[in-house]
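*Asks:*
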Amino acid sequence: MKRLSLQLSGIALTSLFILPEGAVADDWPQWRGPNRDGICAETGLLESWPEAGPPKAWKAEGLGGGYSSPSIVDGKVFGTGYRDEQEIVWALSAADGKKLWSTPTGKVAELYEEVDYAEGPRGTPTVDGESVFVIGAAGHLSCLETEKGTLIWTRNLVTDLGGKLMSDWGYSEAPLVDGDKVICTPGGSKGAVAALDRKTGEVIWQSKDLQDPAGYTSLVAAEIGGMKQYVVLTGTSVAGINPKDGGVLWQEKRIGRTAVVPTPIVNGNHVLVSSGYAVGSHLFEVSGSGGKFTTKRVYASKKLKNDFGGVIKIGDQVYGSSGVVLVCMDFNTGEDVWKKRTIGGGGLLYADGHFYLRNDRGLVALLKATPEDLVEKSQFEEGDRSDHKSWPTPVISNGHLYLRDQDTMTSYDIRKK
Numbered sequence: 006m007k008r009l010s011l012q013l014s015g016i017a018l019t020s021l022f023i024l025p026e027g028a029v030a031d032d033w034p035q036w037r038g039p040n041r042d043g044i045c046a047e048t049g050l051l052e053s054w055p056e057a058g059p060p061k062a063w064k065a066e067g068l069g070g071g072y073s074s075p076s077i078v079d080g081k082v083f084g085t086g087y088r089d090e091q092e093i094v095w096a097l098s099a100a101d102g103k104k105l106w107s108t109p110t111g112k113v114a115e116l117y118e119e120v121d122y123a124e125g126p127r128g129t130p131t132v133d134g135e136s137v138f139v140i141g142a143a144g145h146l147s148c149l150e151t152e153k154g155t156l157i158w159t160r161n162l163v164t165d166l167g168g169k170l171m172s173d174w175g176y177s178e179a180p181l182v183d184g185d186k187v188i189c190t191p192g193g194s195k196g197a198v199a200a201l202d203r204k205t206g207e208v209i210w211q212s213k214d215l216q217d218p219a220g221y222t223s224l225v226a227a228e229i230g231g232m233k234q235y236v237v238l239t240g241t242s243v244a245g246i247n248p249k250d251g252g253v254l255w256q257e258k259r260i261g262r263t264a265v266v267p268t269p270i271v272n273g274n275h276v277l278v279s280s281g282y283a284v285g286s287h288l289f290e291v292s293g294s295g296g297k298f299t300t301k302r303v304y305a306s307k308k309l310k311n312d313f314g315g316v317i318k319i320g321d322q323v324y325g326s327s328g329v330v331l332v333c334m335d336f337n338t339g340e341d342v343w344k345k346r347t348i349g350g351g352g353l354l355y356a357d358g359h360f361y362l363r364n365d366r367g368l369v370a371l372l373k374a375t376p377e378d379l380v381e382k383s384q385f386e387e388g389d390r391s392d393h394k395s396w397p398t399p400v401i402s403n404g405h406l407y408l409r410d411q412d413t414m415t416s417y418d419i420r421k422k
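Whatever position you read off the sequence shown (first residue = 1), add 5 for the working numbering.
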């Protein structure tokens, strides 16, 4: 386990984050980046784009359908797809997009027949050292070698761990790697959160006192009240889990609707969660001492109802899509700072003083967003798109912007020359 200490926009990141082994500053080794916060630390990026968009470095095709964002580590792009009724994990060269390997991880019908599968897996791979870990929509959690894609082990969240989702849209979680453990959220009566041995896939523990159905979000590691814990947002609550044994350290009921998607934000002893379908955002204060915790709801706000795409905290504000508008909300009070219409709701990423927003129709915008105002600097429309929703979140790594569209992945060079 490594600590990553970054200073972004004058803000110290005080929570405990887990940086996958071997990752460097410009890699993007897991969902929402090194800190799982949607913030890229790179600088020297273009401040505007040509009308047709930034220069295209390459486009890879034949990846198999899917909605997952990529991970990029050590010159390789990792992702998932769906082909011939099987989920697959693949790796591309970040230099030219050429396929390095592709490995099937299981037939969907054999794993979870009830899942409303649609067009492919949703979960971003987590790359750690010589291993890549990924959860498919049908619930299989797989470990593969990063070099050749050899499948090491597979466990299914439903058949092996008794998993249950809040609705049958398929698992979307990106697993969290913490030392010798892989942490995931199967949901269900055997325990909503589980820790598996990273080398063998054997279950170390399940959180038997937390039996919520799983949402579509990914948990984060944090330190609250002097104690390391995993913060999980499920379909019906938000909770802190003891890494040693899966015990529930604290829990607050929060009933979601249809799909709870955004990743929690932990800032000190405050936890912010958000979701769509009229639920909105909630901030909880978690106080702890000597391993004992109490919680208090600070606010419930309908100002920011983030369906998908994530919420990002910069300074004392959080930014995210709420329906067709982009919202800047005060983290501490839940009040609107501003609400502005742009290209519509979608996946959000922050890098070098700008937000990158991609809507579900394939429009991509470069935005300068501050507590004072929102200015659209550039936008472009992805060419030759599929007819599916553009749900994968944009990724930036080593000066390149990566956009996934079902069977394809495109890399754009966004470095200043």
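Ideal placement from N, C-alpha and C gives every residue a C-beta, glycine not left out.
1. Taking its Cβ as the centre, do 16 or more other Cβ atoms sit within 10 Å of residue 169, making it buried, or is it exposed?
2. In the DSSP assignment, the beta strand (DSSP E) including residue 216 goes from what residue to what residue?
3. Which residue from 48, 304, 298, 157 puts its Cα closest to that of residue 206?
4. Between 358, 214, 72, 347, which has its C-alpha nearest residue 370's C-alpha?
5. Which whole-angstrom value describes the C-beta separation of residue 335 and residue 67, a residue pair presumed to lie in contact below a C-beta threshold of 8 Å?
6. Are there 16 or more other CB atoms within 10 angstroms of the CB of residue 183, so buried, or fewer, so exposed?
7. Does DSSP put residue 265 in a helix, in a strand, or in coil?
8. With residue 111 as the anchor, note down where its beta strand (DSSP E) starts and where it stops.
9. Relative to the C-alpha of residue 108, which residue among 72, 148, 314, 381 is closest?
10. Excluding sequence positions up to five away, which residues of its chain have a Cβ less than 7 Å from the Cβ of residue 247?
11. Which runs of the beta strand (DSSP E) at least 3 residues long sit entirely within the region 252 to 320? Give them in chain order.
12. If you drop the 5 nearest sequence neighbours on each side, which residues of the same chain put their C-beta closer than 7 Å to that of residue 284?
13. Taking DSSP as the reference, what is the three-state secondary structure of residue 124?
14. Take the Cβ of residue 100 as the centre, count every other Cβ of all protein chains shown within 10 Å, and call the residue buried at 16 or more, exposed below.
15. Is the beta carbon of residue 39 less than 9 Å from the beta carbon of residue 73?
16. With distances taken from CA atoms, which of 400, 388, 341 is nearest residue 376?
17. Residue 418 to residue 211, Cα distance in whole Å?
18. Within 10 Å of its beta-carbon, does residue 352 have 16 or more other beta-carbons around it, so buried, or fewer, so exposed?
19. Where does residue 419 fall in DSSP's three states?
20. DSSP puts residue 409 in a beta bridge; with which residues?
21. Please report the straight-line C-alpha distance between residue 96 and residue 55, rounded to a whole angstrom.
22. Going by beta carbon distance, what residues of the same chain come within less than 6 Å of residue 404, once the five residues before and after it are set aside?
23. To which residues does DSSP link residue 183 through a beta bridge?
24. Is residue 68 helix, strand or coil when you go by DSSP?
25. Rounded to a whole number of angstroms, what is the C-alpha to C-alpha distance between residue 437 and residue 275?
26. Measuring alpha carbon to alpha carbon, tell me which of 256, 239, 58, 85 ends up nearest residue 193.
27. In chain order, what residues of the same chain have a beta carbon less than 6 Å from the beta carbon of residue 299, not counting five sequence neighbours either side?
28. Confirm, please, whether the CB-CB distance from residue 50 to residue 401 is below 9 Å.
29. Buried or exposed: which applies to residue 321, given that a residue is buried once 16 or more other Cβ atoms fall within 10 Å of its Cβ?
30. Roughly how many angstroms separate the alpha carbons of residue 153 and residue 230, rounded to a whole number?
31. Just how far apart, CA to CA, sit residue 243 and residue 259?
32. Among residues of its own chain, excluding the 5 on either side of residue 155, which ones have a beta-carbon nearer than 8 Å to its beta-carbon?
33. So, for residue 53: in the same chain, excluding its five sequence neighbours on each side, which residues have a beta-carbon less than 6 Å away from its beta-carbon?
34. Measure the beta-carbon distance from residue 111 to residue 92 and round it to whole angstroms, keeping in mind my assumption that it falls under 8 Å.
35. Could you say which of 330, 367, 302 lies nearest to residue 338 if we only look at CA atoms?
36. Relative to the alpha-carbon of residue 385, which residue among 374, 367, 392, 167 has its alpha-carbon at the smallest distance?
*Replies:* According to the data block:
1. buried
2. Neither: residue 216 is in no beta strand (DSSP E) and is coded neither H nor E.
3. 157
4. 347
5. Residue 335 to residue 67, Cβ: 46 Å. No contact.
6. buried
7. coil
8. 104 to 112
9. 148
10. 234, 254
11. 253 to 258, 270 to 272, 275 to 280, 285 to 294, 297 to 306, 316 to 319
12. 261, 262, 310
13. coil
14. exposed
15. no
16. 341
17. 43 Å
18. buried
19. coil
20. 414
21. 30 Å
22. 420
23. 186
24. coil
25. Here the chain comprises residues numbered 6 to 422, so residue 437 is not present and cannot be evaluated.
26. 239
27. 292
28. yes
29. exposed
30. 42 Å
31. 7 Å
32. 108, 149
33. 382, 383
34. 6 Å
35. 302
36. 367
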